[in-house]
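This report refers to the structure that appears directly beneath it.
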Amino acid sequence: MGTMIQQQRLDEGGFRGERFRAHGRDLRGNNDILTLTRPEVIAGIHRSYLAAGADIIETNTFNSNAISQADYASVAIVPELNYRAARLARSAADEFAQRTGEPRFVCHALGLRPHARSASAARQEAPA
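Converting from the sequence shown to the working numbering requires adding 16 to each position, the first position being numbered 1.
Structure follows, in structure tokens:
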């Protein structure tokens, strides 16, 4: 999901959208917030995976948790991020199933902390 989002080459305003126009933090890199600000981008990625033959797609929620969203001062929207991402993925899977007669499934992506922080922690914890 992340690589396909990067291919969109969104600027900070693309992440922010109208809803978070006055938000006090830079939202660039908060891929999960695109579920709310650019749902058409995320739905398009889901459709691309399904069209390529995926049986299972994942929600855009790897960082939709309080630990990750704290970096963006967006902890309050974590429940909405998870709910809307699940609905968006399920809708894409259902559209595909209705059109083709082939069921598709959705799994919920869940990470404990941002990728960069995880890699950094792993390097620090690795034996010398």
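Yeah, the Cβ is synthetic: ideal placement off N, Cα and C, and Gly gets one too.
> Looking only at its own chain, which residues have a Cβ that is under 7 Å from the Cβ of glutamine 24, when we skip the five neighbours before and after it?
Replying inline: Val57
> Along the chain, which unbroken stretches of the alpha helix (DSSP H) at least 4 residues long are found entirely within the stretch 22-72?
Replying inline: Those alpha helix (DSSP H) runs which fall completely within the stretch 22-72 and span 4+ residues are 28-32, 50-53 and 55-67.
> How many angstroms separate the CA atom of leucine 43 from the CA atom of isoleucine 49?
Replying inline: 8 Å
> Taking the Cβ atom as the reference point for each residue, do arginine 37 and alanine 89 lie within a distance shorter than 8 Å?
Replying inline: no
> What is the DSSP secondary structure of glutamate 118, counted as helix, strand or coil?
Replying inline: In the three-state reduction of the DSSP assignment, glutamate 118 falls in the coil class.
> What is the rounded straight-line gap between the Cα of serine 80 and the Cα of alanine 68?
Replying inline: 26 Å
> Going by the CB atoms, is the gap between arginine 32 and threonine 53 shorter than 8 Å?
Replying inline: Less than 8 Å divides the Cβ of threonine 53 from the Cβ of arginine 32.
> If you check the beta carbons only, do arginine 120 and phenylalanine 112 fall under 8 Å apart?
Replying inline: yes
> Hey, quick one: how far does the alpha helix (DSSP H) through alanine 86 stretch, first residue to last?
Replying inline: 82-86
>> If distances are taken between C-alpha atoms only, which option among Gly127, Met17 and Leu128 comes closest to alanine 70?
In response: Considering only alpha carbons, the answer is Met17.
> Taking the alpha-carbon positions, what's the aspartate 27 to asparagine 46 distance?
Replying inline: 11 Å
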